[in-house]
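Under mature numbering (1 follows the signal peptide of the UniProt record, and there is no 0), residues -22 to -1, 1 to 83 are what the sequence shown spells out, in order.
Idealized CB from N, CA, C, for every residue including glycine.
Fair warning: this is a prediction, and the values are worked out from it, not measured in the lab.
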Amino acid sequence: MRTTVKFMAGVAAVAAITSAFGAVDAQALPRCRAPVEGVATATGILGTGSEKARIEARENWKSTVRNLYGPRYADFWNAQGKQWDCKKGAILLAKCVVVAKPCRY
């Protein structure tokens, strides 16, 4: 009888721990939306145009996401599947495009 009580107490403890971790894992999973594009151009020499265009493309992405899905999704660091395409156009013009799935935790 004592063995049965100890066994049932152990089973109950394991079930409680498992359910507690299961709830945390479910809440920690990201909720992602469809990919969004951010685009920008900037001018500069020796890579400064490309760097400015990257920053502005990221800001454009954040603004678009904020308008579509709200501020909780607008954190670029939580985004998944980030793809960058930065090219130099004319002599000083650089263009960057970023596509990423906005996510929140």
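Scanning the stretch 14 to 81 from its first residue to its last, the whole alpha helix (DSSP H) runs of 4-plus residues come out as 26 to 47. According to DSSP, residue pairing for R9 in a beta bridge involves R82.
Going by C-alpha positions, T21 is about 13 Å away from A35. A straight-line Cα-Cα distance of about 8 Å links A78 and W39. Nearest in C-alpha terms to L71, of all of A18, P13, V14, C10, is A18. An exposed status is given to A12, since fewer than 16 other beta-carbon atoms sit within 10 Å of its beta-carbon. Here G59 is exposed: its Cβ has fewer than 16 other Cβ atoms, across all protein chains shown, within 10 Å.
The Cβ atoms of S41 and K66 do not sit closer than 9 Å to each other.
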